[in-house]
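Visitor: Take a look at this one; I'll ask things after.
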Amino acid sequence: MKSRYISGFHDVNSKKDCDVVIIGTGVAGLFTALNISSKERVIVLSKTKLNNNNSNLAQGGIAACVNQEDDFKSHYEDTLRAGAYYNREETTQTLIKEAPKNIKKLLTYGTNFDQDENGNLRVTREGGHSKRRILHAKDATGREVIRSLGVEIESRKNIHVDEDVFAIDLITNKNEVCGVLAVNEHGERIIYQSKAVVLATGGVGQVYKNTTNPEVTTGDGIAMVYRAGGAIHDMEFIQFHPTAMYSEKNGQKFLISESVRGEGAVLRNVKGETFMKKYHKMADLAPRDIVARSIFTEKSINHTPYVYLDITHKTPSFIKNRFPMIYERCLEEGIDMTKEYIPVSPVQHYIMGGIYTDIDGKTNIEGLYACGECACTGVHGANRLASNSLLEGLVFGNRVVQSLTQYISNKRINALPVMPMIEYKGSKDLDFDYIKEKIENIMDEYISIVRSQNGLKVALKEIKKLSNQLLGCKESIKYYECRNMCTVAILIIKAALKREKSLGAHYRVDTEGQGCIINF
Ligand code: SIN
Numbered sequence: 003m004k005s006r007y008i009s010g011f012h013d014v015n016s017k018k019d020c021d022v023v024i025i026g027t028g029v030a031g032l033f034t035a036l037n038i039s040s041k042e043r044v045i046v047l048s049k050t051k052l053n054n055n056n057s058n059l060a061q062g063g064i065a066a067c068v069n070q071e072d073d074f075k076s077h078y079e080d081t082l083r084a085g086a087y088y089n090r091e092e093t094t095q096t097l098i099k100e101a102p103k104n105i106k107k108l109l110t111y112g113t114n115f116d117q118d119e120n121g122n123l124r125v126t127r128e129g130g131h132s133k134r135r136i137l138h139a140k141d142a143t144g145r146e147v148i149r150s151l152g153v154e155i156e157s158r159k160n161i162h163v164d165e166d167v168f169a170i171d172l173i174t175n176k177n178e179v180c181g182v183l184a185v186n187e188h189g190e191r192i193i194y195q196s197k198a199v200v201l202a203t204g205g206v207g208q209v210y211k212n213t214t215n216p217e218v219t220t221g222d223g224i225a226m227v228y229r230a231g232g233a234i235h236d237m238e239f240i241q242f243h244p245t246a247m248y249s250e251k252n253g254q255k256f257l258i259s260e261s262v263r264g265e266g267a268v269l270r271n272v273k274g275e276t277f278m279k280k281y282h283k284m285a286d287l288a289p290r291d292i293v294a295r296s297i298f299t300e301k302s303i304n305h306t307p308y309v310y311l312d313i314t315h316k317t318p319s320f321i322k323n324r325f326p327m328i329y330e331r332c333l334e335e336g337i338d339m340t341k342e343y344i345p346v347s348p349v350q351h352y353i354m355g356g357i358y359t360d361i362d363g364k365t366n367i368e369g370l371y372a373c374g375e376c377a378c379t380g381v382h383g384a385n386r387l388a389s390n391s392l393l394e395g396l397v398f399g400n401r402v403v404q405s406l407t408q409y410i411s412n413k414r415i416n417a418l419p420v421m422p423m424i425e426y427k428g429s430k431d432l433d434f435d436y437i438k439e440k441i442e443n444i445m446d447e448y449i450s451i452v453r454s455q456n457g458l459k460v461a462l463k464e465i466k467k468l469s470n471q472l473l474g475c476k477e478s479i480k481y482y483e484c485r486n487m488c489t490v491a492i493l494i495i496k497a498a499l500k501r502e503k504s505l506g507a508h509y510r511v512d513t514e515g516q517g518c519i520i521n522f
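For the sequence shown, the residue numbers in our numbering are 3 to 522.
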């Protein structure tokens, strides 16, 4: 049976109230906070530190139609094509059309994108884009965006950031959100009571062993909403980034930005042969799901755990100037990318599904909004177009504020329900690192680039077993994270089982017919 809360409310140490609580400090959370009127008191919760999130790691950039050679229609069509035409039309149109005005706003916050000698914004290309339209700050765009938003947040008196606070559960009264139960780094339990809550909690990468996502991405927001009765959609659509640097070490994998291919790099198999033309007319710049499956196929044919990325035909000065962070990181791993191929392999990168929202980021729970990766606005369809994710955080972060401003005007802070004075009495000790590793291994083995009914059934059974082992355990942040990871993994597997036909990033090898490794 689904538990409503994973903790009790018996030993709360303090209560804080405000107009809006935002959970998450990626681009969606910070941009939302900055758009809220200075009259409203806003508290932003960060699970660890403000800059520890997926947005901060984004290398490539932000896709937006900002120059004369580009047009909305082309960005829209590229987004739909990459998304396997599963995208929600209205939200996708909005994403594209509202991009320029949100980029303008971002520039007013002091974000420094690369410019040419005349002061025009430089744009690059990535997979699935038919034009150059990606704004970037060398190869560390996310870091620059989070830096500038962070500085702006500090200057705002109405916004307070609480770092090292883990949100355990949303508190709801009937179908309305009234606040958040949280715990800080000292183990003090806090209730944040507010008029509205915005979830910008990011992705789910940590349910996989091989992911580009940082440690904090344990799907907490999605799991919380699921427990609170919110709608969760499209969880089967997991994006595998084609080119993470290959490494046998466990843990987060280092991304080699798709913009490296955008600037001319090509993929080669271990024999040194280029191969992408065999699979798609856009070759190395095909949409991500296609490139990831092509690499998977080449690895299988050649029995190797990686393929190569080759940009050695470009001059060393171009490479070092355009990709300074990637260049340095490759050197640390003993690879000089100006002269040598980089071994790469696809790893989990993004989830297209999540908390279902309307065009204004509203969920089906009153007063609860979601934006960024944790939300499912439908703009990415079954496979996200490169560099549309930071853009989604901006556009829908802004829209959330327009809707929320109306919702909270003339509203009082919601009263807490009487019901949650329940106590949680878990006492069992368990090695949560071991549980996490088991979840990651199961997800990597059975719910990866290719899936089959048999594999999915095995995975579901195994994850449910792990989930049951967690019941009655002593509370800790690792315990809550493991509960959330099991919930999210089960949601992914069940959605993948239900969708029998392949679509976008969801590839069902059992229904594609025998005799082919990959058929697309
Ligand atoms: C990349 O730089 O390849 C990642 C950007 C994205 O995920 O859209």
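C-beta: ideal position from N, C-alpha, C; glycine also.
Going along the chain, which residues of its own chain have a beta-carbon closer than 6 Å to the beta-carbon of L370, five neighbours each way excluded?
Guide: Mapped onto the sequence shown, residue 370 falls at position 368. Counting only Cβ-Cβ distances below 6 Å, and skipping sequence neighbours, we find V179 and V199.
Visitor: Between A384 and N252, what straight-line distance do the alpha-carbon atoms span, to the nearest angstrom?
Guide: Numbered from 1 along the sequence shown, position 382 holds the residue referred to as residue 384. Numbered from 1 along the sequence shown, position 250 holds the residue referred to as residue 252. Cα to Cα, the separation comes out at about 28 Å.
Visitor: Within its chain, find whatever has a CB closer than 6 Å to the CB of L59; leave out the 5 residues flanking it on each side and keep chain order.
Guide: As a position in the sequence shown, residue 59 is number 57, starting the count at 1. If we look at L59 and ignore the five residues flanking it on each side, its Cβ neighbours are G144.
Visitor: Verify the contact flag: Q350, CB atom, against every heavy atom of the ligand SIN, threshold strictly below 8 Å.
Guide: Counting from one through the sequence shown, the residue named residue 350 turns up at place 348. No - the ligand SIN has no heavy atom lying nearer than 8 Å to the Cβ of Q350.
Visitor: Sorry if obvious, but does the Cβ on A230 come closer than 8 Å to a heavy atom of the ligand SIN?
Guide: As a working note, residue 230 is residue 228 in the sequence shown. Not so, every heavy atom of the ligand SIN lies at least 8 Å from the Cβ.
Visitor: Closest to V46 by C-alpha separation, out of A202, I449 and G63, would be which residue?
Guide: Translated into positions along the sequence shown, residue 46 becomes position 44. Nearest option by C-alpha distance: A202.
Visitor: With a cut-off of 8 Å on the beta carbons, I'd call V44 and C67 a contact; round off their distance for me.
Guide: For this step, residue 44 is matched to residue 42 along the sequence shown. For this step, residue 67 is matched to residue 65 along the sequence shown. With a Cβ gap of about 31 Å, V44 and C67 do not count as contacting.
Visitor: Would you grab the beta carbon distance between L472 and C484 for me? Rounded to a whole angstrom, and I think it's under 8 Å.
Guide: The residue labelled residue 472 in the question sits at position 470 within the sequence shown. The residue labelled residue 484 in the question sits at position 482 within the sequence shown. Yes, they are in contact, since the Cβ atoms of L472 and C484 sit about 6 Å apart, within 8 Å.
Visitor: Under the three-state reduction of DSSP, which class applies to G363: helix, strand or coil?
Guide: Position 361 of the sequence shown, counted from the start, is the residue given in the question as residue 363. DSSP places G363 in coil when its eight states are reduced to three.
Visitor: Which residue's Cα is closest to the Cα of N53: I155, D338 and S469?
Guide: By 1-based counting over the sequence shown, the position of residue 53 is 51. Ranking I155, D338 and S469 by Cα distance to N53 puts I155 first.
Visitor: Please work out which residues of its chain come closer than 8 Å, Cβ to Cβ, to E502, disregarding the five sequence neighbours upstream and downstream, and give them in chain order.
Guide: Counted from its first residue, the sequence shown places residue 502 at position 500. Around E502: Q455, R510 and T513.
Visitor: Under the criterion of a Cβ to heavy atom distance below 8 Å, does E394 qualify as lining the ligand SIN?
Guide: Counting from one through the sequence shown, the residue named residue 394 turns up at place 392. Incorrect: E394 has no Cβ contact closer than 8 Å to the ligand SIN.
Visitor: Using 10 angstroms around the beta-carbon of T317, count the other beta-carbons present and answer buried if the total reaches 16, otherwise exposed.
Guide: Taking the sequence shown and counting its residues from 1, one reaches residue 317 at position 315. Counting Cβ neighbours within 10 Å, T317 comes out exposed, since fewer than 16 surround it.
Visitor: Report the partner residues of E178 according to the DSSP bridge assignment.
Guide: Along the sequence shown, read from residue 1 onward, the residue named residue 178 stands at position 176. Answer is N175 and E368, bridged to E178.
Visitor: Check each candidate in N366, N390, E342 and Y343 and name the one with the smallest Cα separation from I353.
Guide: Counting from 1 along the sequence shown, the entry for residue 353 is found at position 351. Ranking the options by Cα distance to I353, first place goes to N390.
Visitor: Classify C475 as helix, strand or coil using the three-state DSSP reduction.
Guide: Position 473 of the sequence shown, counted from the start, is the residue given in the question as residue 475. In the structure shown, C475 sits in a strand (DSSP, three-state: E or B).
Visitor: Let's see if you can read the secondary structure: which residues bound the beta strand (DSSP E) around Y310?
Guide: Here residue 310 is taken as the residue at index 308 of the sequence shown, counted from 1. Note, Y310: beta strand (DSSP E), V309 to D312.
Visitor: Go ahead and label F74 buried or exposed: buried means 16 or more other beta carbons lie within 10 angstroms of its beta carbon, across all protein chains shown.
Guide: Position 72 of the sequence shown, counted from the start, is the residue given in the question as residue 74. By the 10 Å Cβ count, F74 comes out exposed.
Visitor: How about N58: is its Cβ closer than 8 Å to a heavy atom in the ligand SIN?
Guide: Within the sequence shown, residue 58 is the residue found at index 56, counting from 1. The answer is no for N58.
Visitor: In this structure, what does DSSP give as the bridge partners for P345?
Guide: The residue given as residue 345 occupies position 343 in the sequence shown. P345 pairs with Y310.
Visitor: Closest by CA to S528, which one among T214, A225, K107 and S76?
Guide: A query on residue 528 cannot be resolved here, the shown segment of the chain reaching from 3 to 522 and no further.
Visitor: On the DSSP letters alone, give me the boundaries of the beta strand (DSSP E) that Q241 sits inside.
Guide: The residue given as residue 241 occupies position 239 in the sequence shown. Taken as a continuous stretch (DSSP letters only), the beta strand (DSSP E) holding Q241 covers I240 to M247.
Visitor: Note the first and the last residue of the continuous beta strand (DSSP E) segment covering R191.
Guide: As a first step, residue 191 must be located in the sequence shown, where it is residue number 189. Looking at the DSSP string, the run of the beta strand (DSSP E) that includes R191 is R191 to Q195.
Visitor: Can you list, in chain order, the residues of its chain with a C-beta nearer than 7 Å to that of S196? Leave out the 5 residues immediately preceding and following it.
Guide: In the sequence shown, counting from the first residue as 1, residue 196 sits at position 194. Hits under 7 Å: D19, C20, D21, V22, V23, G181 and I415.
Visitor: DSSP state of R453, grouped into three classes?
Guide: By 1-based counting over the sequence shown, the position of residue 453 is 451. Here R453 sits in strand by DSSP.
Visitor: So the candidates are V490, F33, G63 and N15; which of them puts its Cα closest to the Cα of S469?
Guide: On the sequence shown, residue 469 is found 467 positions in, with the first residue counted as 1. Taking only the C-alpha atoms, the option nearest S469 is V490.
Visitor: Taking buried to mean at least 16 other C-beta atoms within 10 Å of its own C-beta, is F11 buried or exposed?
Guide: Here the question's residue 11 lines up with position 9 in the sequence shown. Looking at its Cβ environment, which holds 16 or more other Cβ atoms inside 10 Å, F11 is buried.
Visitor: Starting from D291, trace the beta strand (DSSP E) in both directions and tell me its first and last residue.
Guide: As a position in the sequence shown, residue 291 is number 289, starting the count at 1. Where D291 is concerned, there is no enclosing beta strand (DSSP E), although the alpha helix (DSSP H) it sits in stretches over R290 to N304.
Visitor: Start and end of the alpha helix (DSSP H) containing H77?
Guide: Position 75 of the sequence shown, counted from the first residue, corresponds to residue 77. It spans F74 to A84 - the alpha helix (DSSP H) in which H77 sits, taken as one unbroken run.
Visitor: Starting from S48 and walking both ways along the alpha helix (DSSP H), at which residues does that stretch end?
Guide: Mapped onto the sequence shown, residue 48 falls at position 46. S48 -> no alpha helix (DSSP H), and no H or E assigned at all.
Visitor: Buried or exposed: which applies to L392, given that a residue is buried once 16 or more other Cβ atoms fall within 10 Å of its Cβ?
Guide: One-based indexing of the sequence shown puts residue 392 at position 390. Per the 10 Å Cβ criterion, buried.
Visitor: Tell me whether A388 counts as near the ligand SIN, meaning its Cβ is closer than 8 Å to at least one heavy atom of that ligand.
Guide: In the sequence shown, counting from the first residue as 1, residue 388 sits at position 386. Within the cutoff, so yes.
Visitor: Grab the span of the alpha helix (DSSP H) containing R401 for me, first residue to last.
Guide: Indexing the sequence shown from 1 puts residue 401 at position 399. Run containing R401: S391 to I410, per the alpha helix (DSSP H) assignment.
Visitor: Suppose you measure from the CA of K459 to the CA of K438; what does that come to, to the nearest Å?
Guide: Stepping through the sequence shown from its first residue, residue 459 is reached at position 457. Stepping through the sequence shown from its first residue, residue 438 is reached at position 436. Between K459 and K438, the C-alpha separation is close to 19 Å.
Visitor: Please list the terminal residues of the continuous alpha helix (DSSP H) segment that includes R149.
Guide: By 1-based counting over the sequence shown, the position of residue 149 is 147. T143 to E156 is the span of the alpha helix (DSSP H), which, as asked, contains R149.
Visitor: Roughly how far, in whole angstroms, is the beta-carbon of R386 from the beta-carbon of A142, given that I think they are within contact range, below 8 Å?
Guide: As a position in the sequence shown, residue 386 is number 384, starting the count at 1. As a position in the sequence shown, residue 142 is number 140, starting the count at 1. At roughly 20 Å, the Cβ-Cβ gap does not stay under 8 Å, so R386 and A142 are not in contact.
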